[in-house]
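Structure first, commentary second.
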Amino acid sequence: MVTRFITVHDGVKDVTLYISDMNVGILYVLAVAGLSIYGIIIGGWASNSKYALLGGLRSAAQMISYEVALSFAVIGVVMLSNSLSLVEIVESPSLFLQGMAGSRLPIATSHGEGRASFADDTARYAASYTVALRYVDNYGEVADRYPANPNGSRDGICGLSNESGRVTIMMPHPERVAMTRQNSWHPRDWGEDGPWQRIFRNARVAIG
Numbered sequence: 085m086v087t088r089f090i091t092v093h094d095g096v097k098d099v100t101l102y103i104s105d106m107n108v109g110i111l112y113v114l115a116v117a118g119l120s121i122y123g124i125i126i127g128g129w130a131s132n133s134k135y136a137l138l139g140g141l142r143s144a145a146q147m148i149s150y151e152v153a154l155s156f157a158v159i160g161v162v163m164l165s166n167s168l169s170l171v172e173i174v175e176s177p178s179l180f181l182q183g184m185a186g187s188r189l190p191i192a193t194s195h196g197e198g199r200a201s202f203a204d205d206t207a208r209y210a211a212s213y214t215v216a217l218r219y220v221d222n223y224g225e226v227a228d229r230y231p232a233n234p235n236g237s238r239d240g241i242c243g244l245s246n247e248s249g250r251v252t253i254m255m256p257h258p259e260r261v262a263m264t265r266q267n268s269w270h271p272r273d274w275g276e277d278g279p280w281q282r283i284f285r286n287a288r289v290a291i292g
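One rule links them: number in this note's numbering = place in the sequence shown (from 1) + 84.
Structure, rendered in structure tokens:
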């Protein structure tokens, strides 16, 4: 649980934001699957033999050791899959992001593609004028490392715009968190539309 500043329609509000609200259903499945271990222990105890009881405890310990490794493997995938990243919208020519500069918002990230790399510092400097989105950490600083920066993109770049602002590219998925109900967690006062809904409204305004 991390406290961050995020921008909603009417200004900046200090909220407590869960970066990933994991579905506990997978934990329930793992817990139920592990009940068979108790049967081995109880069977050894019911035999009224300390040797059988020790054998049951040994078998139970062995099964638990297998389940721990399996659980970590499964839970790791569940936690990282379809998780949220924090991005900052910077001043850019993008028509889609008009009026959103300075916002720090959660956004859906499903993969590590879209890594920005540059041939040299000159190209990196030239691209800085068209940067529209950056990954940031919970302190609002540009994120250069995983997991705050899922793909290791230089300078946290995850969105770019051309000079006219008519073309905006980004690797995170704002359409997957545009509605409030699409977010795993949200402040109670967000209403029906999430903050990312504004990029679609900006597009409609630009079309005329």
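Just so it is clear, CB atoms sit at the ideal spot from N, CA and C, and this is done for glycine as well.
* Run of the alpha helix (DSSP H) containing A211, from where it starts to where it stops -> Membership of A211 in the alpha helix (DSSP H) is indicated by the continuous run 205–211.
* Within the same chain, show all residues whose beta-carbon is closer than 8 Å to that of V220, passing over the 5 residues directly before and after it, in chain order. => L170, V171, E172, R188, V226, A227, A232, G240.
* Buried or exposed (CB count within 10 angstroms, at least 16 for buried), L154 -> Classification for L154: exposed.
* How big is the Cα-Cα spacing for L299 and I253? -> Nothing in the structure corresponds to residue 299, since the chain is present only between 85 and 292.
* By a C-beta neighbour count over all protein chains shown, 10 Å radius and 16 as the cutoff for buried, is R282 buried or exposed? -> With 16 or more other Cβ atoms inside 10 Å of its own Cβ, R282 counts as buried.
* Inside the region 203–289 only - beta strand (DSSP E) runs reaching at least 3 residues -> For the region 203–289, whole beta strand (DSSP E) runs of length 3 or above, ordered along the chain, are 215–219, 241–245, 252–254.
* Any idea which residues DSSP pairs E172 with across the strands? -> Answer is R188, R218, bridged to E172.
* **Bounding residues of the alpha helix (DSSP H) (the contiguous stretch that carries S120)** => From DSSP, the alpha helix (DSSP H) with S120 extends over 120–130.
* Beta carbon of R250 nearer than 7 Å to that of A200 -> Taking the C-beta atoms as reference points, A200 is found no nearer than 7 Å to R250.
* Buried versus exposed call for G183 [16 or more other C-beta atoms within 10 Å across all chains shown] -> Its Cβ having fewer than 16 others within 10 Å, G183 is exposed.
* Asked: Thinking C-beta only, is G278 closer than 7 Å to V261?
  -> Contact: yes.
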